[in-house]
Amino acid sequence: MARKFLYFIAVCIVLVILGAIALSIWSREATEIAFVPRGEFVEQEPFAENAYQDPNMWYSRPGLGTNDPSRYQPAIAETAPDPADQDPSPQAPAAEQSLDAGNPLQTTGTVTGEAADPQTLPEFAVFFVPPTSYIQAGGDWNSKIDDATTNNRARIFLQGLASPFNRADELWAPKYRQAAAGAFLTDKPEAQQAIDAAYADVAQAFDYFIDSVDENKPIVLAGHSQGASHVLRLLQEKVAGTPLEARIAAVYAPGWPVSVEHDLPALPFPACASAGQAQCLLAWSAFSDDGDADLIMRRYEATVGYDGQPRGTGPILCVNPLTGATGGSAPASANLGTLIPDQNLSKGELVAGVVSARCGENGLLYIGDPPELGQGVLPGGNYHVYDIPLFWKNLQEDVVTRVKAWTAAQAS
Numbered sequence: 001m002a003r004k005f006l007y008f009i010a011v012c013i014v015l016v017i018l019g020a021i022a023l024s025i026w027s028r029e030a031t032e033i034a035f036v037p038r039g040e041f042v043e044q045e046p047f048a049e050n051a052y053q054d055p056n057m058w059y060s061r062p063g064l065g066t067n068d069p070s071r072y073q074p075a076i077a078e079t080a081p082d083p084a085d086q087d088p089s090p091q092a093p094a095a096e097q098s099l100d101a102g103n104p105l106q107t108t109g110t111v112t113g114e115a116a117d118p119q120t121l122p123e124f125a126v127f128f129v130p131p132t133s134y135i136q137a138g139g140d141w142n143s144k145i146d147d148a149t150t151n152n153r154a155r156i157f158l159q160g161l162a163s164p165f166n167r168a169d170e171l172w173a174p175k176y177r178q179a180a181a182g183a184f185l186t187d188k189p190e191a192q193q194a195i196d197a198a199y200a201d202v203a204q205a206f207d208y209f210i211d212s213v214d215e216n217k218p219i220v221l222a223g224h225s226q227g228a229s230h231v232l233r234l235l236q237e238k239v240a241g242t243p244l245e246a247r248i249a250a251v252y253a254p255g256w257p258v259s260v261e262h263d264l265p266a267l268p269f270p271a272c273a274s275a276g277q278a279q280c281l282l283a284w285s286a287f288s289d290d291g292d293a294d295l296i297m298r299r300y301e302a303t304v305g306y307d308g309q310p311r312g313t314g315p316i317l318c319v320n321p322l323t324g325a326t327g328g329s330a331p332a333s334a335n336l337g338t339l340i341p342d343q344n345l346s347k348g349e350l351v352a353g354v355v356s357a358r359c360g361e362n363g364l365l366y367i368g369d370p371p372e373l374g375q376g377v378l379p380g381g382n383y384h385v386y387d388i389p390l391f392w393k394n395l396q397e398d399v400v401t402r403v404k405a406w407t408a409a410q411a412s
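As numbered in UniProt numbering, residues 1 to 412 make up the sequence shown, in order.
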């Protein structure tokens with residue numbers, strides 16, 4: 001299981017374009033021609049009412065044990081000493097530059113990923129909606145639920161994207177008939193039909209999830225890319241104005257643009273203003289400092305917000321994953337662990353202190369000059385694929401902090 005994680009990086013070369021299409025190459029005509037389905041939308045038969053009682057309808061859920069991809073826990077890298085901090089000797093004269101000026105990823109080995117003491121953790125349930133793992137040029141508008149390629153990719157992605165939430169005592173991630181990647185590249189009416197159909201599956205899975213968890217247990221909603229878009233829709237249609245709203249401890253929606261002006265006011269929770277805040281929303285989209293986000297911004301400006309108005313030139317919501325607060329910046333030293341593959345793509349490890357984070361005026365998250373992460377980096381310095389792995393350890397700590405804050409508020 002652990003070794004398969006690095007397919008999350010290796011497969012990115014061709015496959016992970018799926019999740020990033022919605023953000024990075026929306027306006028490329030050639031991509032639209034290649035990925036937008038050319039046939040009519042064909043509605044698939046609805047699932048039976050009890051479909052999600054079947055464990056096979058879930059990638060992650062209680063009881064799967066080591067077969068659950070979201071329960072992955074990476075090893076922790078032991079960083080090599082910085083030469084600038086070492087005492088000079090005849091064998092090792094004083095270094096003229098530190099590792100920070102060279103390769104910051106020099107490590108001396110790894111140690112087993114830490115296992116948290118269950119006694120120190122609050123009980124909570126996570127509902128995580130996977131990103132698109134269905135990319136088939138010229139294919140159908142929606143995936144089939146039993147498509148082996150789509151499902152195998154989804155499990156790989158969950159190992160890198162859902163695993164920061166692995167301290168939850170319940171972690172659920174449903175299968176669903178995903179909208180094709182090309183559905184996010186076009187304004188064709190078939191595209192919205194496909195997205196609606198995918199959401200219908202997610203909503204049905206969510207209903208089963210709610211019926212299955214203890215009625216007093218706090219809930220964390222999370223997803224990435226297409227998954228994040230479905231989570232935000234759940235907030236509007238299943239959570240807002242219901243008793244369930246009081247049980248949501250936090251919402252994580254990275255990899256999907258949330259308009260501060262036209263989306264956020266229509267959602268039941270505000271943007272997170274601090275790391276210790278409960279019942280708030282986190283969202284960000286990662287770029288290198290020299291990245292070119294022009295394509296994203298042009299498409300974003302033309303899309304319609306949750307209030308029915310064009311999003312226009314207003315900023316995208318950026319909650320800094322290193323500080324847990326809206327806007328601002330944090331140095332790489334604040335990064336507790338980025339999930340990075342080894343050269344052989346055989347395992348992943350957490351390396352601390354190598355990626356910074358700064359929310360730009362446009363709402364994008366800039367990450368300086370990040371280390372080499374493989375060929376999953378998209379054109380224009382777009383780190384969409386790594387929105388979560390870049391800040392893996394901080395997110396693992398962040399979610400526990402917010403659930404504890406929710407629990408404390410209930411007790412007061």
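Every residue gets a Cβ at the ideal spot worked out from N, C-alpha and C, and that includes glycine.
All figures in this text were calculated on a predicted structure; none of them were measured in a lab.
Around the Cβ of Gln410, are there at least 16 other Cβ atoms within 10 angstroms (buried) or fewer (exposed)?
By one-based count along the sequence shown, residue 410 stands at place 410. By the neighbour-count definition (other C-beta atoms within 10 Å, threshold 16), Gln410 is an exposed residue.
May I ask you to report which of helix, strand or coil DSSP gives Thr66?
Within the sequence shown, numbered from 1, the residue matching residue 66 stands at position 66. For Thr66, the three-state secondary structure derived from DSSP is helix.
For a quick check, are the C-beta atoms of Pro74 and Gly348 less than 9 Å apart?
As a working note, residue 74 is residue 74 in the sequence shown. As a working note, residue 348 is residue 348 in the sequence shown. Going by C-beta atoms, Pro74 is nearer than 9 Å to Gly348.
Runs of alpha helix (DSSP H) wholly within the stretch 276 to 346 (minimum 4 residues, chain order):
Within the stretch 276 to 346, the alpha helix (DSSP H) runs of at least 4 residues that lie entirely inside it are, in chain order, 294 to 302.
Give me, in chain order, the residues of the same chain whose beta-carbon lies closer than 7 Å to that of Leu336; leave out the 5 immediate sequence neighbours on both sides.
The residue labelled residue 336 in the question sits at position 336 within the sequence shown. In the same chain as Leu336, and ignoring 5 residues on each side of it, the C-beta atoms closer than 7 Å to its own belong to Ala352, Lys393, Asn394 and Glu397, in chain order.
If you compare alpha carbons, which of Asp307, Gly324 and Ala48 is closest to Ser274?
In the sequence shown, the residue the question calls residue 274 occupies position 274. The residue with the shortest Cα to Cα distance from Ser274 is Gly324.
Spatial distance of Gly312 from Leu350 (CA atoms)
Counted from its first residue, the sequence shown places residue 312 at position 312. Counted from its first residue, the sequence shown places residue 350 at position 350. Straight through space, the alpha carbons of Leu350 and Gly312 are spaced by roughly 38 Å.
Less than 8 Å between C-beta atoms, sequence neighbours within five positions excluded: which residues of the same chain meet that for Ser60?
Here residue 60 refers to the residue found at position 60 when the sequence shown is read from its first residue. Within the same chain, and ignoring the five residues on either side of Ser60 in sequence, the residues whose Cβ sits closer than 8 Å to its Cβ are Asp68, Pro69, Ser70, Arg71, Phe128, Leu158, Ala162, Leu171, Trp172 and Ala173.
From the DSSP output, in three-state form, read off Trp392 for me.
Position 392 of the sequence shown, counting from 1, holds the residue named residue 392. Residue state, collapsed to three classes: helix.
Given a threshold of 16 other Cβ atoms within 10 Å of its Cβ, counted over all protein chains shown, does Ala241 qualify as buried or as exposed?
Within the sequence shown, the letter at position 241 stands for residue 241. Before going further, note that residue 241 is Gly rather than Ala in the sequence given. Taking all protein chains in view, the Cβ of Gly241 is surrounded by fewer than 16 other Cβ atoms within 10 Å, so the residue is classified as exposed.
In the DSSP assignment, find the alpha helix (DSSP H) that holds Ser212 and state where it starts and stops.
Residue 212 sits at position 212 when you count from the first residue of the sequence shown. From DSSP, the alpha helix (DSSP H) with Ser212 extends over Pro189 to Ser212.
Tell me the DSSP bridge mates of Pro174?
Translated into the one-based positions of the sequence shown, residue 174 becomes position 174. BP columns for Pro174 point to Trp58.
Would you decide whether residue 414 is buried or exposed? Buried here means 16 or more other CB atoms lie within 10 Å of its CB.
Nothing in the structure corresponds to residue 414, since the chain is present only between 1 and 412.
Measuring CB to CB, does Ala197 end up less than 9 Å from Tyr134?
Residue 197 sits at position 197 when you count from the first residue of the sequence shown. Residue 134 sits at position 134 when you count from the first residue of the sequence shown. Not closer than 9 Å, so no.
Going along the chain, which residues of its own chain have a beta-carbon closer than 6 Å to the beta-carbon of Ala266, five neighbours each way excluded?
As a first step, residue 266 must be located in the sequence shown, where it is residue number 266. Leaving aside the five residues that flank Ala266 on each side, the residues in its chain whose CB is nearer than 6 Å to its CB run, in chain order, Tyr306 and Asp307.
Rounding to the nearest angstrom, what Cα-Cα distance links Trp284 and Ala137 in this structure?
Residue mapping note: residue 284 aligns to position 284 of the sequence shown, counting from 1. Residue mapping note: residue 137 aligns to position 137 of the sequence shown, counting from 1. Cα to Cα, the separation comes out at about 28 Å.
Beta-carbon proximity of Arg358 to Asn382, cut-off 9 Å
Translated into the one-based positions of the sequence shown, residue 358 becomes position 358. Translated into the one-based positions of the sequence shown, residue 382 becomes position 382. Contact: no.
For Phe41, name the three-state secondary structure that DSSP assigns.
Numbered from its first residue, the sequence shown carries residue 41 at position 41. Note: Phe41 maps to coil in three-state DSSP.
Could you check whether Val399 and Ala250 sit closer than 9 Å to each other, using their CB atoms as the reference points?
The sequence position of residue 250 within the sequence shown is 250, counting from 1. The sequence position of residue 399 within the sequence shown is 399, counting from 1. Going by C-beta atoms, Ala250 is nearer than 9 Å to Val399.
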